[in-house]
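Last residue of the sequence shown? That's 84 in this note's numbering, and every number before it is there in order.
The structure appears below as structure tokens.
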Amino acid sequence: MRQPYNYNHQFHQSQRSAFATLFLLLLPIFFPNLFAPLRRTSPSLFSEWNAPKLRHLSLLEVALRWKTLIKQHFDLWSPLPNQG
């Protein structure tokens, strides 16, 4: 004879899985020192959000000015459009 499917068992199993997942996600928040050695081994997940600090503003300004001068130079010496 076939036993009926136990939905209660499936509910408890999924509930246990959800609690285990929640526990694993919250573990680093409550115990950060437990994961401290792992922090040094790989870069941060959000490392691209940390913009580099500008150290030599004068060099950046000169580079931007030079780029503008080159663009003006090419615009000045570019051929005129066909005027007919």
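By construction, the Cβ of each residue, glycine as well, lies at the ideal position given by its N, Cα and C atoms.
message: Could you compute how far the alpha carbon of Phe74 sits from the alpha carbon of Leu60?
response: For this step, residue 74 is matched to residue 74 along the sequence shown. For this step, residue 60 is matched to residue 60 along the sequence shown. In a straight line, the C-alpha of Phe74 is about 21 Å away from that of Leu60.
field: Alpha-carbon spacing of Leu64 relative to Lys71, whole angstroms
entry: By 1-based counting over the sequence shown, the position of residue 64 is 64. By 1-based counting over the sequence shown, the position of residue 71 is 71. Near 11 Å, if we compare the C-alpha coordinates of Lys71 and Leu64.
Spatial neighbours of Gln15 in its chain, beta-carbon cut-off 6 Å, leaving aside the 5 residues before and after: Counted from its first residue, the sequence shown places residue 15 at position 15. Around Gln15: no qualifying Cβ.
Short Cβ contact (7 Å threshold) for Phe35 with Pro28: Taking the first residue of the sequence shown as position 1, residue 35 is located at position 35. Taking the first residue of the sequence shown as position 1, residue 28 is located at position 28. For the pair Phe35 and Pro28, the CB atoms are nearer than the 7 Å cut-off.
task: Check Leu80 in the structure and name its three-state DSSP category.
output: Numbered from 1 along the sequence shown, position 80 holds the residue referred to as residue 80. Three-state DSSP puts Leu80 in coil, outside helix and strand.
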